[in-house]
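Below is one structure, written out as C-alpha cells; the observations come after it.
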Amino acid sequence: MSHLLSLFYFHFPLAACYVYIYFFLVELNKYLRSSHSVSFWQVPPFLVRKVFTQIFSFINVQLFNSLLLRRECCSFSNGEYVKAGLAELEHWCYKATDEYAGPAWDELKHIRQAIGFLVLSIQQLYRISTMYWDDKYGTHSVAPDVISNMRVLMTEDSNNAVSNSFLLDDDSSIPFSVDDISKSNEQIDISDIEPPPLIRENSGFSFLLPRPD
21 MSHLLSLFYF HFPLAACYVY IYFFLVELNK YLRSSHSVSF WQVPPFLVRK
71 VFTQIFSFIN VQLFNSLLLR RECCSFSNGE YVKAGLAELE HWCYKATDEY
121 AGPAWDELKH IRQAIGFLVL SIQQLYRIST MYWDDKYGTH SVAPDVISNM
171 RVLMTEDSNN AVSNSFLLDD DSSIPFSVDD ISKSNEQIDI SDIEPPPLIR
221 ENSGFSFLLP RPD
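Under my numbering, the first residue of the sequence shown is numbered 21, with each subsequent residue one higher.
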C-alpha cells in the first residue's frame, strides 16, 4: 500500500498526485466497508480506522521529508499545491466520517503546520528556512539575522541527541490487539442466516437447518 502511494507521489505531477491519492482513498474506503471485501466478512470499523491512520501517517512522512530533502519542494508554488492537496484530504476525512477516518487527519500535523512552524524542532525550522525560496514572486526569504539566531539555538541544543535529526521516522506498523477485534465484532444469531441451497438439500447438514417450533 505504501509502495502504491509512493508511485502516486513520485511519478505524477505534484498537483495531480493528490487527485490520485484522493480517489485511491475513496475506492479503498468503499472496498473495506463492503461486505465482499474479505469473502463475506466485513472489515471492522476500528481496523479501517487503523489502516487509514497509517496511510495518512505515511503521506505525512513522505511530504514532510521531501520538504527537508528536496529544494524544489520548498518553493512558494509547491506550498500552494500542498495546501490545496491537504484541503482535498480534509474533505475526504469529512465525507468518510469519524467512524472510518478516525484520527487520520491528525497524522498530517507536521506537513499541515510546516508553514506555521508550530510542531517543528529548531533543526527542522532551520532546515526549512535555509531551503525555502520564492520561485513565483522572487521575494526575499527568512532574514539572515533570524537564520543566525536559529543557528545559535541549534548549537546550544546540540547536547540533545534526539533533536539533532530533522527528518521524521516512517513507522509502518499498525498496532492493535486481539481484544480490539473481539470488541468490534457484532453478535450474529446463526438462526437468522439462511443456509445456501447446497446445504439445505444435503441431509448430512440437516443439523444446521432451523428446527420448526
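Note that beta-carbon positions come from the ideal geometry of N, C-alpha and C, so glycine has one too.
Contact belief for residue i with residue j at Cβ below 8 angstroms, rounded distance in angstroms
{"i": "Q74", "j": "I201", "result": "16 angstroms between Cβ atoms; not a contact."}
{"i": "I135", "j": "G158", "result": "About 19 angstroms separates the two Cβ atoms, so there is no contact after all."}
{"i": "V102", "j": "L83", "result": "7 angstroms"}
{"i": "Y42", "j": "L109", "result": "7 angstroms"}
Buried versus exposed, by CB contacts within 10 Å (16 or more), residue i
{"i": "H160", "result": "exposed"}
{"i": "I219", "result": "exposed"}
{"i": "F76", "result": "buried"}
{"i": "L187", "result": "exposed"}
{"i": "S192", "result": "exposed"}
{"i": "Y120", "result": "buried"}
{"i": "F78", "result": "buried"}
Beta-bridge pairing of residue i - partner residues as DSSP gives them
{"i": "S95", "result": "W153"}
Rounded straight-line distance, which links the Cα of residue j to that of residue i
{"i": "Q144", "j": "M174", "result": "10 angstroms"}
{"i": "V71", "j": "S223", "result": "43 angstroms"}
{"i": "Y146", "j": "D165", "result": "12 angstroms"}
{"i": "G105", "j": "S141", "result": "24 angstroms"}
{"i": "N80", "j": "P217", "result": "50 angstroms"}
{"i": "M151", "j": "R132", "result": "18 angstroms"}
{"i": "V162", "j": "R171", "result": "13 angstroms"}
{"i": "W112", "j": "F196", "result": "24 angstroms"}
{"i": "I148", "j": "V46", "result": "32 angstroms"}
{"i": "L128", "j": "A107", "result": "11 angstroms"}
{"i": "L89", "j": "I167", "result": "18 angstroms"}
{"i": "F227", "j": "E221", "result": "12 angstroms"}
{"i": "F225", "j": "P215", "result": "10 angstroms"}
{"i": "K203", "j": "F44", "result": "29 angstroms"}
{"i": "F66", "j": "D118", "result": "10 angstroms"}
{"i": "D177", "j": "S95", "result": "28 angstroms"}
{"i": "Y114", "j": "S185", "result": "34 angstroms"}
{"i": "V58", "j": "H130", "result": "Note that V58 scores a pLDDT of 44, beneath 50, so its modelled location is shaky; the value from the coordinates is reported in the next line. Near 34 angstroms, if we compare the C-alpha coordinates of H130 and V58."}
Same chain, Cβ closer than 6 angstroms to residue i, neighbours up to 5 away in sequence not counted
{"i": "C93", "result": "S86, L87"}
{"i": "A116", "result": "N49"}
{"i": "D126", "result": "none"}
{"i": "V198", "result": "none"}
Contacts around residue i, its chain only, beta-carbon distance under 7 angstroms, and the 5 residues preceding and following it disregarded
{"i": "S97", "result": "D155, K156"}
Cutoff 8 angstroms; reference residue i; Cβ partners in own chain excluding five residues on either side
{"i": "P123", "result": "R69, T73"}
{"i": "R91", "result": "M151, W153"}
{"i": "D189", "result": "V81"}
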